[in-house]
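Colleague: Numbering (mature numbering (1 follows the signal peptide of the UniProt record, and there is no 0)), first residue to last: -20 to -1, 1 to 612.
Below is a structure I'd like to ask you about.
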Amino acid sequence: MFKKILFFLLLANVSMYAQKTQPDYECFNIDISEIDVDTRFLRDEDDPDFYIVCKNKKIGVTPNFQTQYLRRTDVYQVEPLAHNPYPTDPTINGGTELSHPTWDFYDCRTDCPIQLPFKFCYFNQVYEHIFVWSNGAVTFTPNGNCSPSTYHSFMDEVFTGPLPNGLVNNNFLNSIFGSYQHTHFSKANYPTGSVNYQVYGTAPCRKFVISFHNMPAAGLFPTNCPPPVPLQSHQIVLHELTNVIDVNIIQHDNCPSNDPIESSAVIGIINITNTQGYSPPNRNVGSWAATNESWRFAPAGECMYDTQWTVTDIDGTVVHTELDDCEGELDIIVDEYKEVTATLIVNTCVDTYTESYKIRLRPAIEIDQVDLQPIVCDKNQNTYDLNLLTRAIKDGQSASQAEINKLRFYYYETEFDADNKENEIKNIREYPIKEIENPLYIRIEYSGLEECPEIIEAMIIKAPVEVLPKTDVYICTEYKLPVLTNDEFYLKMERLDEDANFVVETMTNVNENQVITKHGYYRVYVKKTNKYACEDVKSYLLMVENCSYPKGITPNGDGDNDYLDLTYNNVQELKVYNRYGKLVYEHGKGYKRQWMGQDSSGKILPSGTYFLYIKTRNYEYQDWIQLMYEVK
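In structure tokens:
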């Protein structure tokens, strides 16, 4: 129906409003060529109808219609027009020639009206038929009835002065004069002359063109206008839908005639009551000459269109509707994705036309919520790399990577500085931190729309915890796990092998006051945590020693009491003396079950009584031991 509706957003603070420029001469596009907004925008690279604007800022959306001619015809505006006429010669334009059935076609009109190819509004009335006068006038008639024409030869039979009051012949009410002058056209005498009409274009942009080609001027004064006087050519153009009237003057001469009024011509329009008339400057009833000149009579009444706005969200739910007269204006806050549809509703005097176009809007920055409270548990860490916050924000976004790459990050210690872009933190790789809280403000800008950032808060928490120092425990009796302080608790306990190198058993159900009676090595783990999930774990070695000593051994190979077993006595030094006080065997730290009655060289000692000296981690022990090979 219409060509299309186009949307454009204008740059902020730049006055760029639609000017009343002449539309395409071949067709009046009814479109929205611009939208004026009060902020800058970016256009999506892949979708020109997708606009990126500042978040949470009110945008005044105003469509500027390209054509100014969608108006009522109760008032007209006369405008000069670039001269670009249609061909007037019927041998070129293929137009339908007009003639009178009984006499030469001059000083009269057609007996029967011509039916227009479209309805035309003239001074707020709808017409479908026109009479054409040979002297250059078109008269609108309300029906298609024929009526005999009458002669009106001389200008003073029609005009006594300028329009509108100078029109004195009611046969010319409701007419277009373009240009009207006294001519005598005879096809026999002027075979190249013609009055013809042609239709150009397609609905609803058709033009009905009435051409007056090579018309001979009449009543000229031979002395002042020696022949040959140039033939006169001009045309009247009626535009469909917009009801615009154009007059194209190809050739008009003002040679004086015998009667001064006969030298006159007029370009203009007049209503049916002779109360409204319009004429270009210096082209009203009078003597003037013109070549290659064009004028437009443009409707200038109230607009005959409305703008229907429809705003929907990302789910297609309508969130706002609005109907404005003429262009109207839509105020919208883009806090999230929105689609804006403008429907142009044109209510002409003939019919109603609608056309819609849609644009999409989204905020420049829509930051998905991200946890920005990193925890530092290491008490020795005194700086933090703020690039980690940048990475966390980027990784937490649902937008495309291309969109994320357009974000720019700036760090500040106060919200005021972030708002005003002052005192930016420069050393972001080693930003100093302290216990406990380190607040920061991150200014996130969208490349190209730096004036509408999003500011989010981050909090770096440094909250290390530490378990109190623990010492190893060696004890000869049972061991009771002590009550812990400082919010500490037992994590687990491991029973180790006899060398305290490998884990034999892991116990997770460990509690305060728990009693350990079994001899051996244990590793006890103590843990502490805080509300920030920082933790510390320390352990200590527990040895429950065997503090009793055998009184004899019988190394006879029966597997029973064959050696001096001090595995869990935590021996640091062992010495064996015979009854004469001679040292016969000794062993250093780590003794377990090595003595089976041999001396230090490995020879078997005789049965008898021997003296032991044993030094443990915490004690010294001396006593007699009996060595026997046979048990009777």
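For glycine and all other residues, C-beta sits at the position ideal for the given N, C-alpha and C.
Near Ile155, which residues of its chain fall below 7 Å by C-beta distance, leaving aside the five closest residues on each side in sequence?
Modeller: Per the sequence shown, residue 155 should be read as Ser rather than Ile. So the qualifying residues of the chain are Ala117, Val118, Thr119, Ile250.
Colleague: Please specify which runs of the beta strand (DSSP E), each continuous and at least 3 residues long, are wholly inside the region 360 to 399, giving them in chain order.
Modeller: Segments of the beta strand (DSSP E) lying fully in the region 360 to 399: 387 to 392.
Colleague: Any chance the region 281 to 292 sits against the region 313 to 321, with 3 or more Cβ pairs inside 8 Å?
Modeller: They touch, by the three-pair rule.
Colleague: So, for Thr497: in the same chain, excluding its five sequence neighbours on each side, which residues have a beta-carbon less than 6 Å away from its beta-carbon?
Modeller: Contacts found: Glu458.
Colleague: For the candidate residues Tyr49, Leu147, Tyr86, His219, whose alpha-carbon lies nearest to that of His164?
Modeller: Of the candidates Tyr49, Leu147, Tyr86, His219, the one whose C-alpha sits nearest the C-alpha of His164 is Tyr86.
Colleague: Looking at the unbroken beta strand (DSSP E) that takes in Thr287, where does it start and where does it end?
Modeller: Note, Thr287: beta strand (DSSP E), 285 to 292.
Colleague: Which word fits Ile384, buried or exposed, when buried means at least 16 other C-beta atoms lie within 10 angstroms of its C-beta?
Modeller: That one is exposed.
Colleague: Compute the distance between the beta-carbons of residue 644 and Arg276, then report whether it is under 8 Å.
Modeller: Here the chain comprises residues numbered -20 to 612, so residue 644 is not present and cannot be evaluated.
Colleague: May I have a chain-ordered list of the beta strand (DSSP E) segments no shorter than 3 residues that lie completely inside the region 189 to 230?
Modeller: Segments of the beta strand (DSSP E) lying fully in the region 189 to 230: 212 to 219.
Colleague: Could you check where the alpha helix (DSSP H) with Pro419 kicks off and where it finishes?
Modeller: Where Pro419 is concerned, there is no enclosing alpha helix (DSSP H), although the beta strand (DSSP E) it sits in stretches over 416 to 426.
Colleague: Flag this pair as yes or no: are the beta carbons of Tyr392 and Ile405 separated by less than 8 Å?
Modeller: Result yes, Cβ atoms of Tyr392 and Ile405 sit closer than 8 Å.
Colleague: What residues match up with Thr119 in a beta bridge as DSSP calls it?
Modeller: Per DSSP, Phe111, Ser155.
Colleague: DSSP beta-bridge partners for Tyr337?
Modeller: The partner list for Tyr337 (beta bridge, DSSP) reads Ala322.
Colleague: To which residues of the same chain is Tyr421 closer than 8 Å at the C-beta, ignoring the five residues directly before and after it?
Modeller: Excluding positions up to five away in sequence, the list reads Tyr391, Tyr392, Glu393, Thr394, Glu395, Asp397, Ala398, Ile435, Ile436, Glu437, Ala438.
Colleague: Where does Gly75 land, buried or exposed, given buried means 16+ other C-beta within 10 angstroms?
Modeller: Classification for Gly75: buried.
Colleague: Please classify Glu273: is it buried, with 16 or more other beta-carbons within 10 angstroms of its beta-carbon, or exposed?
Modeller: With 16 or more Cβ atoms within 10 Å of its Cβ, Glu273 is classed as buried.
Colleague: Taking all protein chains shown into account, do 16 or more other C-beta atoms lie within 10 angstroms of the C-beta of Phe482, making it buried, or fewer, making it exposed?
Modeller: Phe482 is exposed by the Cβ-count criterion.
Colleague: Check Asn176 in the structure and name its three-state DSSP category.
Modeller: It is a strand residue.
Colleague: Which of the three DSSP states is assigned to Ile345 in this structure?
Modeller: Residue state, collapsed to three classes: coil.
Colleague: Taking the C-alpha atoms as reference points, what is the distance between Asp375 and Ile440?
Modeller: The straight-line gap from Cα to Cα measures roughly 18 Å.
Colleague: Among the residues of its own chain, which have a CB less than 6 Å from the CB of Lys359, if the five just before and after it don't count?
Modeller: Excluding positions up to five away in sequence, the list reads Pro444.
Colleague: I'd like to confirm the pairing. Which residues does DSSP put opposite Trp604 in its beta bridges?
Modeller: Per DSSP, Phe591.
Colleague: Taking only the alpha-carbon atoms, compute the straight-line gap between Tyr31 and Leu369 and give it to the nearest angstrom.
Modeller: Roughly 29 Å separates the two Cα atoms.
Colleague: CA-CA distance, Ser159 and Leu143?
Modeller: Each residue's Cα considered, the two are about 13 Å apart.
Colleague: Please tell me whether Pro235 and Asn204 are closer than 8 Å, where the distance is taken between their beta carbons.
Modeller: According to the sequence provided, residue 235 is Cys. The question's Pro does not apply to it. Their beta carbons are under 8 Å apart, which means Cys235 touches Asn204 by this criterion.
Colleague: Rounded to the nearest angstrom, how far is the Cβ of Met608 from that of Gly532, given a contact under 8 Å?
Modeller: With a Cβ gap of about 6 Å, Met608 and Gly532 count as contacting.
Colleague: What are the start and end residues of the alpha helix (DSSP H) that includes Ile72?
Modeller: Note, Ile72: alpha helix (DSSP H), 70 to 73.
Colleague: Mind the definition here: the region 330 to 350 touches the region 56 to 72 only if three or more C-beta pairs lie below 8 Å; say whether that holds.
Modeller: The region 330 to 350 vs the region 56 to 72: no contact.
Colleague: Between which two residues does the beta strand (DSSP E) containing Val483 stretch?
Modeller: Element bounds for Val483: 483 to 487.
Colleague: Nearest to Tyr470 by alpha carbon, out of Asp226, Thr488, Ile413, Thr297?
Modeller: Nearest C-alpha to Tyr470: Thr488.
Colleague: Quick one: what's got a C-beta closer than 6 Å to Pro184's C-beta in the same chain, skipping five residues either side?
Modeller: So the list reads Glu220, Leu221, once near-sequence residues are dropped.
Colleague: Rounded to whole angstroms, how far is the Cβ of Cys306 from the Cβ of Tyr285, which I believe are closer than 8 Å?
Modeller: With a Cβ gap of about 6 Å, Cys306 and Tyr285 count as contacting.
Colleague: Would Lys460 and Ser519 qualify as a contact pair, given that the criterion is a beta-carbon distance under 8 Å?
Modeller: No, the Cβ-Cβ distance between Lys460 and Ser519 is not below 8 Å.
Colleague: Within 10 Å of its beta-carbon, does Cys101 have 16 or more other beta-carbons around it, so buried, or fewer, so exposed?
Modeller: Result: buried.
Colleague: Does the Cβ-Cβ distance between Thr534 and Arg559 come in under 8 Å?
Modeller: No, Cβ-Cβ distance for Thr534 and Arg559 is not below 8 Å.
Colleague: Tell me Thr596's beta-bridge partners as DSSP assigns them.
Modeller: In the DSSP output, where bridge partners are listed per residue, Thr596 has Val551.
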